[in-house]
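Enquirer: To start, I am sharing the structure in question, which I have written as structure tokens.
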Amino acid sequence: MAPLYWCREELGPDYSKGYGLKVPFSPLSGSRAQSTATVPSKSSRKGKKVNVLYDSLEGGIAEKEETDSKRLKWEPGNWRQQLENIREMRRNKDAPVDQMGAEKCFDSSAPPEVMRYQVLLSLMLSSQTKDQVTSAAMLRLREHGLTVDNVLQTDDVTLGQLIYPVGFWKNKVKYIKQTTAILKQQYGSDIPSTVKELVNLPGVGPKMAHLVMDIAWKNVTGIGVDTHVHRISNRLKWVKKETKTPEETRVALEDWLPRDLWSEINWLLVGFGQQICQPVNPRCRECLNRHICPAATRC
Numbered sequence: 001m002a003p004l005y006w007c008r009e010e011l012g013p014d015y016s017k018g019y020g021l022k023v024p025f026s027p028l029s030g031s032r033a034q035s036t037a038t039v040p041s042k043s044s045r046k047g048k049k050v051n052v053l054y055d056s057l058e059g060g061i062a063e064k065e066e067t068d069s070k071r072l073k074w075e076p077g078n079w080r081q082q083l084e085n086i087r088e089m090r091r092n093k094d095a096p097v098d099q100m101g102a103e104k105c106f107d108s109s110a111p112p113e114v115m116r117y118q119v120l121l122s123l124m125l126s127s128q129t130k131d132q133v134t135s136a137a138m139l140r141l142r143e144h145g146l147t148v149d150n151v152l153q154t155d156d157v158t159l160g161q162l163i164y165p166v167g168f169w170k171n172k173v174k175y176i177k178q179t180t181a182i183l184k185q186q187y188g189s190d191i192p193s194t195v196k197e198l199v200n201l202p203g204v205g206p207k208m209a210h211l212v213m214d215i216a217w218k219n220v221t222g223i224g225v226d227t228h229v230h231r232i233s234n235r236l237k238w239v240k241k242e243t244k245t246p247e248e249t250r251v252a253l254e255d256w257l258p259r260d261l262w263s264e265i266n267w268l269l270v271g272f273g274q275q276i277c278q279p280v281n282p283r284c285r286e287c288l289n290r291h292i293c294p295a296a297t298r299c
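If you're matching positions, the sequence shown starts at 1 in UniProt numbering and goes up one per residue.
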């Protein structure tokens, strides 16, 4: 009689249950084995078939063919059509972010480390500030000389005059000075190349860090979620449940949105939010998604 081996009853992706079912099994030499056993159901004795995965002699689990029980990842309904409609509405690239966003504020002819520093500062200034105001402040800074050494030599009063009236400009003077000193001392006047290091800089949050990685380092590490992306994602129900903060929205979006869209989605939704899906009185009648947007009926 063939020896008995422990086996597992297939319970979906979690194989931690179902131990204890013993069936005759002859091991296959040098390979993993798989079989389907017919066992009586607890609720019925009609011989219902259940899939069983057997532990091989090496302790592994035999791979199972895909079944109808395969768990599908959640994704919002109509999101592909909604995305295509937003792309169409953004086709002219005439929103403020297209002309004055972080990708337009740095000196592209500057040395790479200076360019990256300028990208970082433009994003620090952009928090709670319209693109038009950020762009004007960056232009004044660049005319003054926007390098690590020059900013460190600039007194706080002058720096404040250069960036005013960006939101929370007094705090940003302090953050810019502290961050710039760290870059000089620890990074050779360049900026960090990881999200973990970036968010440790004064005045730099996750949204800024992911955008810096994308724009300055050409490395997509996550979705940059600002108030526009946060608001629109909730309006379109692109999150499984309502999120309260941009960081919650980022995590929710990254859970299902294909990675090759992570870089594009910030640019698309920010411009869309500036022109159509505005915070107050959104222009739903002009929106191509008005018939498939869960929030359109409230407009």
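Here a beta-carbon is modelled for each residue, glycine too, at the ideal position from N, C-alpha and C.
I need the straight-line Cα distance from Arg290 to Asp214, nearest angstrom please.
Expert: Their backbone Cα atoms lie some 31 Å apart in a straight line.
Enquirer: What are the start and end residues of the alpha helix (DSSP H) that includes Val220?
Expert: Here Val220 belongs to no alpha helix (DSSP H), and DSSP marks it neither H nor E.
Enquirer: Measure the C-alpha to C-alpha separation of Glu113 and Ile191 and round it to an integer number of angstroms.
Expert: Distance between the alpha carbons of Glu113 and Ile191: 7 Å.
Enquirer: Does the contact criterion of 3 or more C-beta pairs under 8 Å hold for the stretch 160 to 169 versus the stretch 177 to 185?
Expert: Counting Cβ pairs under 8 Å, fewer than three are found: no touch.
Enquirer: Spatial neighbours of Arg283 within its chain, please: CB distance less than 6 Å, with the 5 preceding and 5 following residues excluded, ordered by chain position.
Expert: These residues qualify, in order along the chain: Ile276.
Enquirer: Rounded to a whole number of angstroms, what is the C-alpha to C-alpha distance between Glu197 and Arg285?
Expert: Each residue's Cα considered, the two are about 44 Å apart.
Enquirer: Which value, in whole angstroms, describes the spacing of the CA atoms of Ser127 and Trp74?
Expert: The alpha-carbon atoms of Ser127 and Trp74 are separated by roughly 31 Å.
Enquirer: Work out the CA separation of Asp156 and Tyr187 for me, nearest whole Å.
Expert: About 23 Å.
Enquirer: Within 10 angstroms of the Cβ of Gly77, are there 16 or more other Cβ atoms? Answer buried if so, exposed if not.
Expert: Exposed, since its Cβ has fewer than 16 Cβ neighbours within 10 Å.
Enquirer: Given this structure, state the Cα-to-Cα distance separating Glu248 from Val97, to the nearest angstrom.
Expert: Whole-angstrom Cα-Cα distance: 23 Å.
Enquirer: State the start and end residues of the unbroken alpha helix (DSSP H) segment that holds Glu247.
Expert: Start and end: 246 to 254.
Enquirer: Taking C-beta to C-beta, are Ile265 and Ile292 nearer than 8 Å?
Expert: It is not a contact, given that the beta carbons lie outside the stated cut-off.
Enquirer: For Lys218, count neighbouring C-beta atoms within 10 Å of its own C-beta (all shown protein chains included) and say buried if the count is 16 or more, exposed if not.
Expert: So Lys218 ends up on the exposed side.
Enquirer: Expressed to the nearest angstrom, what Euclidean distance is found between the alpha-carbon atoms of Glu88 and Ser109?
Expert: Using only the alpha carbons, I get a separation of about 32 Å.
Enquirer: Could you give the C-beta distance for Lys207 and Pro294, rounded to a whole number, given that I count them as a contact under 8 Å?
Expert: 24 Å between Cβ atoms; not a contact.
Enquirer: Please list, in chain order, all residues of the same chain as Ala102 whose beta carbon is under 7 Å from its beta carbon, the five residues on each side excluded.
Expert: Closer than 7 Å at the Cβ level, and outside the excluded window around Ala102, lie Val119, Ser122, Leu123, Ser126, Leu211, Ile215.
Enquirer: Under DSSP, the alpha helix (DSSP H) around Ala137 begins and ends at which residues?
Expert: Where Ala137 is concerned, the enclosing alpha helix (DSSP H) stretches over 131 to 144.
Enquirer: Could you check which residue in Asp255, Leu268, Tyr175, Pro111 has the C-alpha nearest to that of Thr147?
Expert: That would be Pro111, whose Cα lies nearest to the Cα of Thr147.
Enquirer: Grab me the residues of Val225's own chain with a C-beta within less than 6 Å of its C-beta, minus the 5 sequence neighbours each way, in chain order.
Expert: Here the set comprises Lys207, Pro246, Thr249, Arg250.
Enquirer: Pick from His228, Asn171, Val220: whose alpha carbon is nearest that of Pro202?
Expert: Comparing Cα positions, the closest option is Asn171.
Enquirer: Which residues in the same chain as Met115 place their Cβ atom closer than 8 Å to its Cβ, once the five residues preceding and following it in sequence are excluded?
Expert: These residues qualify, in order along the chain: Phe106, Asp107, Ser108, Ala216.
Enquirer: Compute the distance between the beta-carbons of Val151 and Gly160, then report whether it is under 8 Å.
Expert: No.
Enquirer: Whole angstroms are fine: how far does the CA of Lys241 sit from the CA of Ser135?
Expert: Cα to Cα, Ser135 sits roughly 35 Å from Lys241.
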